[in-house]
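Residue numbers (our numbering): 297 to 439.
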């Protein structure tokens, strides 16, 4: 790699070093790296969950532990989907009658389940919820 650059008048000037080593304080020995604790790749599902499969939060998992979860762009939503295609308070997932439903709460762009527009829909394991640019898969607890 060339360690010089051209100046406006056409002359070539050397590039100054941009990083320097900082020595350890006197008497301090270099510390070995700290091992990161192992985190299981997959945690067991103890409650229903939404997993973002497409969108800026891809891979994020949201456990539905409170019986109700609000989804939207507003920071007070339980699941914040920060994108202009999402309404501030877009939808809610609710636990009802031993199952789960999703309810559109008056969003501008609508809520879709398995590509069908819905105002309210029963959710089953593996169903895909579309909210703006986001795709979320719904998962029931493991037995």
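Glycine included, every Cβ here is placed at the ideal spot set by N, Cα and C.
Asked                                                                                : Found
Buried/exposed call for residue 372, threshold 16 Cβ in 10 Å                         : exposed
DSSP bridge partner residues for residue 440 (one or two, in chain order)            : Any answer about residue 440 is impossible in this case: the structure gives the chain only from 297 up to 439.
Residue range of the unbroken beta strand (DSSP E) whose run includes residue 420    : It is not in any beta strand (DSSP E) - residue 420 carries neither H nor E in the DSSP assignment.
Sheet register partners of residue 365 (DSSP bridge)                                 : 389
Nearest candidate by alpha-carbon position, reference residue 353, set 427, 406, 438 : 427
Which of helix, strand or coil DSSP assigns to residue 383                           : coil
Extent of the continuous beta strand (DSSP E) run through residue 345                : 345-350
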